[in-house]
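Protein chains in written order, with numbering that gives the first Met the number 0: chain A, 0 to 251; chain B, 0 to 128. Backbone N, C-alpha and C define an ideal beta-carbon position, used for all residues, glycine too. Model, not experiment: these values are computed from the prediction. One structure is given below, encoded as structure tokens.
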Amino acid sequence: MLNETKYRFRVARADRDGGARRTDQFEVALASRMTVLDALCAIQRRTDASLSFRCSCRVGMCGTCAMEINGAPRLACQTRVETLGTETVAVAPLRNLPVLKDLIVSLEPFFSAWKRIRPALHPVAPDSQQLAVVRPDSDFGRQARGKRDCLTCGACFSACGIRGMNGQYLGPAAINRALLRLLDPRDGAVEERLAALDDERGGVWRCHTQFNCVAACPKGIALTDSIGLLKRALLRPRRFYEKLAPPERAQV
Amino acid sequence: MKSLHLQSARKYSGAYSGMLAWWIQRATGLLLLGYLFLHVTTIHELSRGSAAFDAALLRFRSPFFKLLEIALLGTVILHALNGVRITLVDLGIGHSRERRLFWALAFGVGGALFLAGAIPIVLFAILKI
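Given below as structure tokens:
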């Protein structure tokens with residue numbers, strides 16, 4: 000017999016397209032080490048089959064189950080209920096994103112900002128037959144360490160106070176991605192990214208270093224550091240153009 | 000176990016202290032704006048002659064205004080040190096230690112400066128020792 004503890008879950012509910020918002024309460028008995036996602040699955044299975052939420056990998060790799068737990072954006076699959084230290088657990092959809100149903104949000108605003116910085120690799124030499132090798136101890140390898148683990152879960156976007164006030168702001172994840180591409184010696188779309196990042200309303204200058212994104216990121220990425228680095232780099236953007244010169248390009 | 004409200008409030012003392020610093024900067028900025036207005040209107044009394052200016056200054060000698068002076072000191076210290084913190088962060092200094100930097104400046108340096116300024120006001124201006 001498992002030693003179970005009873006918890007009260009206050010779950011934010013909404014009908015299709017975010018209508019008829021309300022909060023439902025559920026009593027759930029959970030064993031030690033069980034997560035918020037386990038609790039939501041238990042509610043869906045035993046009490047209310049209509050409860051809607053997203054999940055996929057269950058091991059913190061996909062970022063699908065990001066939601067607001069006790070007021071902070073977290074991955075439901077990585078949040079053990081007992082570590083929250085409360086008998087009542089409040090679960091709500093991510094902020095700054097439109098609610099589709101219950102705990103499901105549309106990530107369209109997040110990915111529309113993501114697209115603005117041209118997240119894909121735009122090779123400096125698209126026809127090159129040479130295999131690019133990025134050594135971990137190279138400049139890019141060192142600078143990218145700890146910044147490339149983004150799951151695109153939207154937790155930072157949801158926690159960002161500036162994005163909450165300014166719908167044009169790119170958000171921390173997109174800016175971090177842009178930095179990685181700008182640092183990448185294989186990538187050549189410097190002009191377009193710098194234009195998006197330097198934009199007065201939506202670019203890096205809107206960040207007020209609240210550090211909410213850093214607190215929310217389930218992978219512990221120093222997002223404010225990436226934004227600060229870009230702010231300083233934008234004052235002297237030449238370093239990003241240097242990689243486009245043929246001799247530099249060879250030093251991958 | 001902690002209540003949900005208590006945990007929500009304590010969120011800002013932990014990982015979200017940057018947000019707390021942001022709010023402090025806005026609130027203290029508004030308070031200083033109020034003080035600036037009071038300061039300018041008092042100085043403006045000079046244009047009405049020395050007697051009017053003296054009468055305006057007399058208001059600030061009451062113990063109530065001395066307490067407000069202590070509050071002003073705290074507001075200035077919080078605003079200034081938070082400004083230093085933001086400058087350091089913008090220069091890329093202390094990003095990984097941002098939370099410690101906030102608490103060290105707010106309660107360490109700020110607390111020491113506040114006590115150094117507030118104790119003489121209490122002793123010599125309010126208690127008149």
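For this session: Grab the span of the beta strand (DSSP E) containing E44(B) for me, first residue to last.
Result: Where E44(B) is concerned, there is no enclosing beta strand (DSSP E), given that its DSSP letter is neither H nor E.
Exercise. Between G163(A) and chain B, is there a C-beta pair that is closer than 8 Å?
Worked result: Proximity of G163(A) to chain B, defined by a Cβ-Cβ separation below 8 Å, is not satisfied.
Exercise. With 8 Å set as the bound, which would you pick, yes or no: does the beta-carbon of K230(A) sit closer than that to a beta-carbon of chain B?
Worked result: Taking 8 Å as the CB threshold, K230(A) lines the interface with chain B.
Exercise. Skipping 5 residues on each side, what residues in its chain have a beta carbon closer than 8 Å to that of A194(A)?
Worked result: Counting only Cβ-Cβ distances below 8 Å, and skipping sequence neighbours, we find nothing.
Exercise. Would you call the stretch 143–158 of chain A and the stretch 83–91 of chain A in contact, with 3 or more CB pairs under 8 Å?
Worked result: Taking 8 Å as the limit for Cβ pairs, the verdict is that the stretch 83–91 of chain A does not touch the stretch 143–158 of chain A.
Problem set entry | Interface positions of the stretch 86–97 of chain B facing chain A (Cβ-Cβ less than 9 Å), listed along the chain | Within the stretch 86–97 of chain B, the residues whose Cβ lies closer than 9 Å to some Cβ of chain A are V88, D89, L90, G91, H94, S95, E97, listed in chain order.
For this session: Using 10 angstroms around the beta-carbon of H207(A), count the other beta-carbons present and answer buried if the total reaches 16, otherwise exposed.
Result: Per the 10 Å Cβ criterion, buried.
Problem set entry | Nearest-angstrom beta carbon gap, M60(A) and L102(A) [assumed within contact, 8 Å] | A Cβ-Cβ separation of about 19 Å leaves L102(A) out of contact with M60(A) under the 8 Å criterion.
Problem set entry | Proximal residues to N211(A) (C-beta, below 8 Å), its chain only, five neighbours per side dropped | Here N211(A) has C155, A158, C159, G160 as same chain residues with Cβ atoms under 8 Å from its own Cβ, once five neighbours each way along the sequence are excluded.
For this session: Using DSSP bridges, identify the partner residues of L222(A).
Result: BP columns for L222(A) are empty, so no partner.
Exercise. Hey, P97(A) and G17(A): beta-carbon distance below 8 Å or not?
Worked result: Going by C-beta atoms, P97(A) is nearer than 8 Å to G17(A).
Exercise. For the stretch 11–25 of chain B, which residues have a CB atom closer than 7 Å to at least one CB atom of chain A, in sequence order?
Worked result: Of all residues in the stretch 11–25 of chain B, only A14, Y15, G17, M18, W21 come within less than 7 Å of chain A when Cβ atoms are compared, listed by chain position.
Exercise. So what does D186(A) bridge to, in DSSP terms?
Worked result: Under DSSP, D186(A) shares a beta bridge with P122(A).
Problem set entry | Residues of the stretch 207–224 of chain A whose Cβ lies closer than 7 Å to any Cβ of chain B, in chain order | Cβ contacts with chain B: H207, T208, Q209, F210, N211, A214, A221, T223, D224.
Exercise. By Cβ distance below 8 Å, which residues in the same chain neighbour R143(B) in space, the five residues on each side in sequence not counted?
Worked result: It is not possible to answer for residue 143(B), since the shown part of chain B is limited to 0 through 128.
For this session: Report the residues of the stretch 136–168 of chain A with a CB closer than 7 Å to any CB of chain B, ordered along the chain.
Result: Listed in sequence order: G160.
Problem set entry | Contact with chain B by G227(A), beta-carbon distance below 8 Å | Using a Cβ-Cβ cut-off of 8 Å, G227(A) counts as an interface residue toward chain B, since at least one Cβ of chain B sits closer than that to its own.
Problem set entry | Straight-line gap, N165(A) to E107(A) (C-alpha atoms, nearest Å) | Cα to Cα, N165(A) sits roughly 16 Å from E107(A).
Problem set entry | Rounded Cβ spacing between Y6(A) and L39(A) (contact assumed at less than 8 Å) | Your pair Y6(A) and L39(A) does not check out as a contact, with CB atoms roughly 12 Å apart and the cut at 8 Å.
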